[in-house]
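Numbering (my numbering), first residue to last: 24 to 393. Even for Gly, the Cβ is constructed at its ideal location relative to N, Cα and C. Shown next, in structure tokens, is the structure this report addresses.
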């Protein structure tokens, strides 16, 4: 037996109008890129062998999914794991669908074709009717999304009783997905390549801050609905991104996920220390939702001058919304004509946030020991 969780009442009563839009967006952006869920995990992965022999094709060419060459062929595998447990907490069915959709989006943005799924389903005590509700509806959502993206579940595991004195963990149906690239040369990376490339957003901007890192970490709101998601819209987005990659019309592709549009843009800068100049605003959308909202089905792409005409010709045939944002710059960040500083300073915050956080905890422990 299961029943709808009581906390859904709090989620359904959330009103974004009660959240004040911050005046200093730059300060908020600096805070967001240092949140552990968003900041670079480099401090962790440099401590083990991340090369996978010599098959790792992502070390100096970051992509949304890890690319591993399938030697001795020229083919490659695209690998990713995804789940945002806050989304699943807010709506188990939709949150689990998003986990599958984002995994597929990461594979597609890396030049691959999604093939199959494994999973690791982490929940609390299944004898708690509210926990079992989360489990049942997450399974249904995962199954529906796997059918849509033609990614059969080949195996996985279920882990129950993940809880402590404060209650159960957030429901976390982690999705591991594999895809294939017929040639490693088809790989697409997330990083901007050169100055003056044009930056576009593929997908629709939404007036939505629900269950975002911004809402949770900056405003301390735990209970809010799942972000906007439509599985048919997502499927169409991925299809169009695949066209752009196969026709070699774009220089980079990076999906918009945790942290929103700003994080997707700034992460695209780091590998080559390039910047961006973006003029973007919508009177129908809150500024915080525009930059930090986590509505699904959006991808940032960059296009060279040489491919601009062919890219625009493709857009004319598409029904997908595509928005021009601005251009890649030498190493400075400008948002709506406001100077947000050098990308090197943003990179320092992003790459050292976790190390600094752990160093702070070590200092606290040392003081406690004294």
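- Item | Collapsed DSSP secondary structure at residue 163 in the structure displayed | The sequence position of residue 163 within the chain shown is 140, counting from 1. Of the three classes helix, strand and coil, the one that applies to residue 163 here is helix, per DSSP.
- Message: DSSP has residue 395 in a bridge; who is on the other side?
- Response: The structure shown has nothing for residue 395, since the chain only spans 24 to 393.
- Item | Three-state secondary structure assigned by DSSP to residue 196 | Indexing the chain shown from 1 puts residue 196 at position 173. Residue 196 falls in the strand class under three-state DSSP.
- Message: Just to confirm my understanding: we take residue 182, look at its own chain, exclude 5 residues before and 5 after, and list those with CB closer than 6 Å. What are they?
- Response: Counted from its first residue, the chain shown places residue 182 at position 159. Answer for residue 182: 145, listed in chain order.
- Message: Which residue marks the beginning of the beta strand (DSSP E) containing residue 357, and which one marks its end?
- Response: Position 334 of the chain shown, counted from the start, is the residue given in the question as residue 357. That run of the beta strand (DSSP E) goes 355 to 358.
- Check the DSSP bridge columns for residue 90 and list the partner residues they point to. By one-based count along the chain shown, residue 90 stands at place 67. Beta-bridge pairing links residue 90 to 101.
- Taking C-alpha atoms, which residue in 356, 309, 162 lies nearest to residue 368? The count along the chain shown starts at 1 and reaches residue 368 at position 345. Cα-wise, what sits closest to residue 368 is 356.
- Message: Nearest by alpha-carbon distance to residue 259: which of 59, 321, 315, 85 is it?
- Response: Here residue 259 corresponds to residue number 236 of the chain shown, with the count starting at 1. Checked all of 59, 321, 315, 85; the closest Cα to residue 259 is 321.
- Run of the beta strand (DSSP E) containing residue 312, from where it starts to where it stops: Counting from one through the chain shown, the residue named residue 312 turns up at place 289. Here residue 312 belongs to no beta strand (DSSP E); instead the alpha helix (DSSP H) covers 310 to 315.
- Just checking, does the region 169 to 180 make contact with the region 45 to 54 on the three C-beta pairs under 8 Å criterion? no
- Segment limits, alpha helix (DSSP H) that includes residue 58: As a first step, residue 58 is located in the chain shown; it is residue number 35 there, counting from the start. Segment: none, residue 58 is in no alpha helix (DSSP H) and carries neither H nor E.
- When you compare only the Cα positions, how much space is there between residue 346 and residue 324? Within the chain shown, the letter at position 323 stands for residue 346. Within the chain shown, the letter at position 301 stands for residue 324. So the alpha carbons of these two residues sit roughly 10 Å apart.
- Message: Quick check on residue 268: does DSSP put it in helix, strand or coil?
- Response: Indexing the chain shown from 1 puts residue 268 at position 245. Helix at residue 268.
- Are three or more beta carbon pairs between the region 239 to 253 and the region 112 to 119 nearer than 8 Å? yes
- residue 274: buried (16+ other C-beta within 10 angstroms of its C-beta) or exposed? Against the chain shown, residue 274 aligns to sequence position 251. Residue 274 comes out buried.
- Task: Would you give the residue range spanned by the beta strand (DSSP E) that residue 276 belongs to?
- Result: Translated into positions along the chain shown, residue 276 becomes position 253. That run of the beta strand (DSSP E) goes 275 to 278.
- Can you name the start and end residues of the beta strand (DSSP E) that residue 350 belongs to? Taking the first residue of the chain shown as 1, we reach residue 350 at position 327. In this chain, the beta strand (DSSP E) harbouring residue 350 covers 345 to 352.
- Query: Would you call the CB atoms of residue 141 and residue 195 closer than 8 Å?
  - Reply: Along the chain shown, read from residue 1 onward, the residue named residue 141 stands at position 118. Along the chain shown, read from residue 1 onward, the residue named residue 195 stands at position 172. No, the Cβ-Cβ distance between residue 141 and residue 195 is not below 8 Å.
- Query: Smallest Cα separation from residue 78: which of 97, 25, 160?
  - Reply: Taking the first residue of the chain shown as 1, we reach residue 78 at position 55. It is 97.
- Segment contact flag, the region 185 to 194 with the region 99 to 111, C-beta cutoff 8 Å, min 3 pairs: yes
- Task: Reducing DSSP to helix, strand and coil, say where residue 362 ends up.
- Result: Residue mapping note: residue 362 aligns to position 339 of the chain shown, counting from 1. Of the three classes helix, strand and coil, the one that applies to residue 362 here is strand, per DSSP.
- Query: How would you label residue 150, buried or exposed, when you count the other beta carbons within 10 angstroms and need 16 or more for buried?
  - Reply: Position 127 of the chain shown, counting from 1, holds the residue named residue 150. In the assembly as shown, residue 150 is an exposed residue. Its beta-carbon has fewer than 16 other beta-carbons within 10 Å.
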